[in-house]
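Protein sequence lines correspond, in order, to chains C and X.
Taking the numbering used here, the leading residue of the first sequence gets 1257, the next gets one more, and so forth.
Taking the numbering used here, the leading residue of the second sequence gets 623, the next gets one more, and so forth.
Heads up, the beta-carbon is just placed ideally off N, CA and C, and yes, glycines get one too.
Down below is the structure, laid out as C-alpha cells.
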Amino acid sequence: MPVRVQTEEFDPSEEIRGFGRGRTDVGAVVSFTGVVRDDDGTLDRMEIEHYPGMTQKAIEAMVDRATERWELADCLVIHRHGAMRPGDQIMMVATAAKHRVAAFEAAEFLMDYLKSRAPFWKKEFTCAGKTSWVDAKVNDEEALKRWEE
Amino acid sequence: MIDVMYFAWVRERVGEPREQVDTQAVTVSDLVDELRAREPRYAEAFKDLSALRVALDQELADFDAPLSGVREVAFFPPMTGG
C-alpha cells in the first residue's frame, strides 16, 4: 500500500494506470486528486510545510485503518509539500475494493483524515506579496466524527 | 533533554524550528508553562492552547499527557493537509 510524500509533481493518470490491476477480486477503483485553487485570481503560490518524522507514519496508519475497515485490495496516497502554483496537483488518493461503496467510503475517509490529521500546513502567498496560513475549518473536524465507530 | 519542534506559525512566532530544552516538566502543559515564562515570543506563540496541537514522539497527544520517556515534542497549529 504505497504512501509517498514528495515535492515533485506527479501525473494522476500515470499513477492510476495499473492500479488494482492483475487482481480479479477488484470491482471498483476510485481516485481523488486535490488541486491548488485560486478563487479570485490573487494567489501566486501555496507552500506546504510538513513534519518529516511524522508525516509518512501518520498517513500509513490511516491507510492501515482504511484497508482493514473496507477490505481494500489496494490503496495509494501521494501528498506533496513545498511550493505549488494554482492548478498544480497537491495530492491524490486511490482505493481499490470489491464494491464501489467501499472504494468511495475508504477514499473519503482518507481525505477527511489527511485534511485534519496528517501534519501538513498550507501557507498562501498572494500576487500582492501578502502571506497567510490557511486556517483549519470546523467542518473538517466535524467530518471526522462520521467515521468514529 | 527533550527535542522541541515548532511548525507553521508556531515556528514563525518562536523564531526557530527546533531546540533542545532542559526541563523537569511532568506534562506537556508544564512544559508550555516553562516556555511561556521564558520570553515574550514564547508567550505569544502559546497564548491560546485551543489553537495548538501537540505530538509526542510523532504521535498526536493531549496537553495533559505525561512527558516521561518522551524524546521529541512538536507544537503546531491544527493541520491543513489534503
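Beta-ladder partner(s) of residue i, from DSSP
| i | result |
| --- | --- |
| C/HIS1337 | In the DSSP output, where bridge partners are listed per residue, C/HIS1337 has none listed. |
| C/MET1347 | C/GLY1290 and C/HIS1335 |
| X/TYR628 | X/PHE697 |
| C/SER1388 | C/GLU1380 |
| C/ARG1301 | C/PHE1381 |
Cutoff 8 Å: residue i Cβ touching any chain X Cβ
| i | result |
| --- | --- |
| C/GLU1404 | no |
| C/ARG1301 | no |
| C/MET1367 | yes |
| C/PRO1268 | no |
Cα-Cα separation between residue i and residue j, rounded to whole angstroms
| i | j | result |
| --- | --- | --- |
| C/VAL1390 | C/LYS1378 | 5 Å |
| C/SER1269 | C/LYS1313 | 26 Å |
| C/MET1348 | X/ARG660 | 42 Å |
| X/LEU704 | C/GLN1262 | The question names Leu, yet the displayed sequence has Gly at residue 704 of chain X. Rounded to whole angstroms, X/GLY704 to C/GLN1262 spans 14 Å at the Cα level. |
| C/VAL1292 | C/ALA1359 | 24 Å |
| C/LEU1366 | C/ASP1295 | 25 Å |
| C/TYR1307 | C/ALA1399 | 23 Å |
| C/GLY1309 | X/ALA683 | 15 Å |
| X/ASP686 | X/GLU656 | 14 Å |
| C/GLN1345 | C/GLU1305 | 16 Å |
Min CB distance residue i to chain C below 8 Å
| i | result |
| --- | --- |
| X/GLY704 | yes |
| X/ALA630 | yes |
| X/PHE668 | no |
| X/ALA696 | yes |
Name the residues in the segment 1281-1307 of chain C whose C-beta lies less than 7 Å from a C-beta of chain X; which are they?
Those residues of the segment 1281-1307 of chain C that come within reach of chain X (Cβ to Cβ, closer than 7 Å) are GLY1290, GLU1305 and TYR1307.
Counting only runs that start and end within the segment 652-700 of chain X, where is the beta strand (DSSP E) found for 3 or more residues in a row?
Whole beta strand (DSSP E) segments, 3+ residues: 675-678, 681-683 and 694-698.
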